[in-house]
Amino acid sequence: MGLSAHKQGMTGDQRSDSELLARLPRQPELMGVLYERHARAVFRYLARRAGPAAAEDLLSEVFIAALSASSRVSAHDSGSALPWLYGIALNVLRKHCRQLRPPHEGATDPGMDWDAVDDRLDARAERGRLWAALSDLADSDRELLLLVAWEGLTPAEAAAALDISPTAARSRLHRARTRAMRALQGLRGSGPDVVTTLYARREAS
Amino acid sequence: MNLLDDLLSSAGRVPEITEEGMRRGRLNLDAAIAQASTERRPSQRKAAARWWGGWRGMTVIGATATVAAAAVVAGAMVLPSSPPPKTPPQAAIAPRATAKPKATANPKPTADPGAAVTLSTLSYSIDTTTSSTPAATVLDAAATAIGEQAGTTSEPNVDWSEPYFHTVQVVTCNGGTTTDNGWQTRTDDGVGEGIGGACGGGGGMYPITAGFADFYGLGNQPLTESQVDQLPTDPNKLWPLLEGFDGDSLSSDTANPHSKASTMFQSIWNLITSEPLSPAFSKALLEDAAKIPGVTVEGKYTDSLGRTGTVLHIGIWTMAIDTTTGQVLAMTQNAIPGVPICGGKVPAHSMCQPGGSSTVVYVSAQLVASVPKAVASMIAFSKAHEPKVWQAPPPTPKL
Numbered sequence: 001m002g003l004s005a006h007k008q009g010m011t012g013d014q015r016s017d018s019e020l021l022a023r024l025p026r027q028p029e030l031m032g033v034l035y036e037r038h039a040r041a042v043f044r045y046l047a048r049r050a051g052p053a054a055a056e057d058l059l060s061e062v063f064i065a066a067l068s069a070s071s072r073v074s075a076h077d078s079g080s081a082l083p084w085l086y087g088i089a090l091n092v093l094r095k096h097c098r099q100l101r102p103p104h105e106g107a108t109d110p111g112m113d114w115d116a117v118d119d120r121l122d123a124r125a126e127r128g129r130l131w132a133a134l135s136d137l138a139d140s141d142r143e144l145l146l147l148v149a150w151e152g153l154t155p156a157e158a159a160a161a162l163d164i165s166p167t168a169a170r171s172r173l174h175r176a177r178t179r180a181m182r183a184l185q186g187l188r189g190s191g192p193d194v195v196t197t198l199y200a201r202r203e204a205s
Numbered sequence: 001m002n003l004l005d006d007l008l009s010s011a012g013r014v015p016e017i018t019e020e021g022m023r024r025g026r027l028n029l030d031a032a033i034a035q036a037s038t039e040r041r042p043s044q045r046k047a048a049a050r051w052w053g054g055w056r057g058m059t060v061i062g063a064t065a066t067v068a069a070a071a072v073v074a075g076a077m078v079l080p081s082s083p084p085p086k087t088p089p090q091a092a093i094a095p096r097a098t099a100k101p102k103a104t105a106n107p108k109p110t111a112d113p114g115a116a117v118t119l120s121t122l123s124y125s126i127d128t129t130t131s132s133t134p135a136a137t138v139l140d141a142a143a144t145a146i147g148e149q150a151g152t153t154s155e156p157n158v159d160w161s162e163p164y165f166h167t168v169q170v171v172t173c174n175g176g177t178t179t180d181n182g183w184q185t186r187t188d189d190g191v192g193e194g195i196g197g198a199c200g201g202g203g204g205m206y207p208i209t210a211g212f213a214d215f216y217g218l219g220n221q222p223l224t225e226s227q228v229d230q231l232p233t234d235p236n237k238l239w240p241l242l243e244g245f246d247g248d249s250l251s252s253d254t255a256n257p258h259s260k261a262s263t264m265f266q267s268i269w270n271l272i273t274s275e276p277l278s279p280a281f282s283k284a285l286l287e288d289a290a291k292i293p294g295v296t297v298e299g300k301y302t303d304s305l306g307r308t309g310t311v312l313h314i315g316i317w318t319m320a321i322d323t324t325t326g327q328v329l330a331m332t333q334n335a336i337p338g339v340p341i342c343g344g345k346v347p348a349h350s351m352c353q354p355g356g357s358s359t360v361v362y363v364s365a366q367l368v369a370s371v372p373k374a375v376a377s378m379i380a381f382s383k384a385h386e387p388k389v390w391q392a393p394p395p396t397p398k399l
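Protein sequences, first through last, are from chains A and B. The opening position of the first sequence corresponds to residue 1 in this note's numbering, with each subsequent residue numbered one higher. The opening position of the second sequence corresponds to residue 1 in this note's numbering, with each subsequent residue numbered one higher.
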């Protein structure tokens, strides 16, 4: 699917996201149009980080939270409401993850339910590799990387979702990719045992 | 594609949302939108608002309540039930020949019209000073007051001058308080349907059809709009129907919360608070209420909307009524162990769960020209996706 297609979604209402967002504070019912347009993408966002079952439960929470946040929002320059919705979805996810695992465990990973991610990576080695690549990143750097890789946002859009400047986003994205690549390459040739060990370490934590 | 992108690409593959998931999410969102648009909309229709029957003279209040900030004194109406007199019900059926006390012609001012009262700070109190006035006198006074109100029709229902009957209630249930907005309309087949707050449901809404236990009920029997039209406005002809609908299995012991008397009281309150009734019919209902044995006077009710009333009690019901207007101001239902409240049909997300008690403060009720757009779209959406819950049940067999 082309990026622009998924960002625009499909809906009968021809008004742009920017127009809808501008009217939202006075016409909350327009959130229904945004839902029809973007719920599928927001669901994928949630499912990638918390699994499909939790994503179904959390989906409406995101749009309901967006309803009360709608008085102070405008669309990203690209015209899409998605970066804004992803930003809200991240907050909803963080709350969800805190409820799953109380923060005292130390190794919490707000905004990401690793068990749910693991569920869809069949090979044990692959799970270990993903974790190795991402676990060393700061939460916000990882989120930045994934918004670009998984949600197909531009670095500038991802910056809007995370409320950081586009310039900062670009340099942090570069840093995150370099770091993740290095972690992956470090595993190369080290054989499945190392990966399994890494994975076991995560399970222990 | 490099190592990292390959890995992320395979890890990012997730199933698409199911249609059921989309639909469920939309329903939840629509409920929140409906609540939001109600809260944002002040009393724009104040000038056009038509008050009906017992509701005349009340003020439309901009509903800006938030659940968290609500200050309704939960449970304040839960009163100890005093032992009621053991009068056999038959004794009360005899027509009453006593002269009714004349109610004051001018209803006392209620909330100042246009005053910016917010429901979030709605509170009420009860002064339990004992009164020597019998409950029957109180109810007869209320009946007289409501009967004096303007109204041309002698049918139970008003001629609906506007398509929607909009009610605003502040509901306290199990410690939580919310503002419920309800909209009902007559359908072409005379069944009637609507949408209302989910029994103190924290913003959730449910469809109302004639099959819903609390809808226009007589006892446990739901009634359609057409059936309400057929009810007699002569209190003596109405009484056997009120009595008969409760079935023969109900106890005639008025101390029993399941007693026939208590259930008749409930039927009357159900009709008065959920329907735009004509003054003539409201009067008949209150006159019959005055004949119900075992009702006691418990004190004086005052709320922050500036309204006062007399508190009556029977079985699990405690009700505040304004004797100068006939308005029912508030009602508390105490739970009976093992018997769920809200007619037993409690949505899962409702805070009104079995074992608690619920208090409803009736804020306003009026016929209006339209429902908020979000509510209309929610009804349309729900009808398209959940047709079953909108199906009217077969008519109540006996009338």
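A virtual CB, placed ideally from N, CA and C, is assigned to each residue, including glycine.
Going by other Cβ atoms of all chains shown within 10 Å of its Cβ, with 16 needed for buried, is residue i buried or exposed?
i	result
serine 2 of chain B	Inspection of the sequence shows that residue 2 of chain B is occupied by asparagine rather than by serine. Result: exposed.
histidine 76 of chain A	buried
glutamate 19 of chain B	exposed
glutamine 14 of chain A	exposed
glycine 25 of chain B	buried
serine 358 of chain B	buried
arginine 13 of chain B	exposed
aspartate 163 of chain A	exposed
proline 113 of chain B	Annotation note: pLDDT 32 at proline 113 of chain B (below 50); position unreliable, no value reported.
histidine 38 of chain A	buried
methionine 77 of chain B	Caution is warranted here: a pLDDT of 40 is assigned to methionine 77 of chain B, below 50, making its placement in the model unreliable, and the coordinate value is therefore given only provisionally. By the neighbour-count rule (16 or more Cβ atoms within 10 Å), methionine 77 of chain B is buried.
aspartate 322 of chain B	buried
glycine 182 of chain B	buried
glutamate 16 of chain B	exposed
Would the beta-carbon of residue i fall within 8 angstroms of that of residue j?
i	j	result
arginine 40 of chain A	leucine 93 of chain A	no
serine 169 of chain A	alanine 176 of chain A	According to the sequence as given, residue 169 of chain A is alanine; it is not serine. It is not a contact, given that the beta carbons lie outside the stated cut-off.
histidine 96 of chain A	alanine 54 of chain A	yes
lysine 300 of chain B	tryptophan 239 of chain B	no
serine 424 of chain B	tyrosine 164 of chain B	Absent from the model: residue 424 of chain B. The displayed extent of chain B is 1 to 399, so no value can be given.
alanine 180 of chain A	leucine 29 of chain B	no
proline 31 of chain B	methionine 378 of chain B	Before going on, a small fix: residue 31 of chain B reads as alanine here, not proline. Taking 8 angstroms as the Cβ cut-off, alanine 31 of chain B and methionine 378 of chain B qualify as a contacting pair.
tyrosine 362 of chain B	leucine 329 of chain B	yes
aspartate 140 of chain B	glutamate 298 of chain B	no
proline 83 of chain A	leucine 153 of chain A	yes
tryptophan 131 of chain A	tryptophan 114 of chain A	yes
glycine 21 of chain B	leucine 59 of chain A	yes
leucine 231 of chain B	methionine 264 of chain B	no
leucine 364 of chain B	valine 168 of chain B	Before going on, a small fix: residue 364 of chain B reads as serine here, not leucine. For serine 364 of chain B and valine 168 of chain B, yes; Cβs fall inside 8 angstroms.
Check residue i in the structure and name its three-state DSSP category.
i	result
glutamine 14 of chain A	coil
tryptophan 400 of chain B	Not covered by the structure: residue 400 of chain B. The range shown for chain B is 1 to 399.
histidine 385 of chain B	helix
serine 10 of chain B	helix
valine 2 of chain B	As written in the sequence, residue 2 of chain B is asparagine, which differs from the valine given in the question. Of the three classes helix, strand and coil, the one that applies to asparagine 2 of chain B here is coil, per DSSP.
threonine 179 of chain B	strand
serine 165 of chain A	coil
histidine 104 of chain A	The pLDDT assigned to histidine 104 of chain A is 47, lower than 50, so where the model puts this residue is not dependable, and the model offers no usable value.
alanine 76 of chain B	Its pLDDT being 35, under 50, alanine 76 of chain B is placed unreliably in this model, and the coordinates cannot settle the point.
valine 92 of chain A	helix
leucine 277 of chain B	strand
serine 80 of chain A	coil
alanine 358 of chain B	Per the sequence shown, the amino acid found at residue 358 of chain B is serine instead of alanine. Strand.
glutamine 35 of chain B	helix
threonine 137 of chain B	helix
alanine 380 of chain B	helix
proline 42 of chain B	For proline 42 of chain B, the predicted model reports a pLDDT of 42, less than 50, meaning its position is unreliable and no value from the coordinates is stated.
arginine 23 of chain B	helix
glutamate 56 of chain A	helix
methionine 31 of chain A	helix
glycine 51 of chain A	coil
proline 235 of chain B	helix
glycine 128 of chain A	helix
Just list the residues that DSSP pairs residue i with in beta bridges.
i	result
serine 125 of chain B	B:Thr302
alanine 320 of chain B	B:Val311 and B:Ala330
tyrosine 164 of chain B	B:Thr185 and B:Val368
threonine 172 of chain B	B:Thr177 and B:Thr359
threonine 296 of chain B	B:His313
Residues, ordered as in the chain, of the segment 44-74 of chain A that lie near chain B by beta-carbon distance below 7 angstroms: Those residues of the segment 44-74 of chain A that come within reach of chain B (Cβ to Cβ, closer than 7 angstroms) are Arg44, Ala47, Arg48, Pro52, Glu56, Leu59, Ser60, Phe63, Ile64 and Leu67.
Selection of the segment 11-26 of chain B by Cβ proximity to chain A, strictly under 8 angstroms: Residues Ala11, Gly12, Arg13, Val14, Pro15, Glu16, Ile17, Thr18, Gly21, Met22, Arg24, Gly25 and Arg26.
Members of the segment 138-153 of chain A that neighbour chain B once the beta carbon cut-off is set at 9 angstroms: Within the segment 138-153 of chain A, the qualifying residues are Leu145, Leu146, Ala149, Trp150 and Glu151.
Interface positions of the segment 20-42 of chain A facing chain B (Cβ-Cβ less than 7 angstroms), listed along the chain: Close to chain B, meaning a Cβ-Cβ distance shorter than 7 angstroms, are the following residues of the segment 20-42 of chain A: Pro28, Glu29, Met31, Gly32, Tyr35, Ala39 and Arg40.
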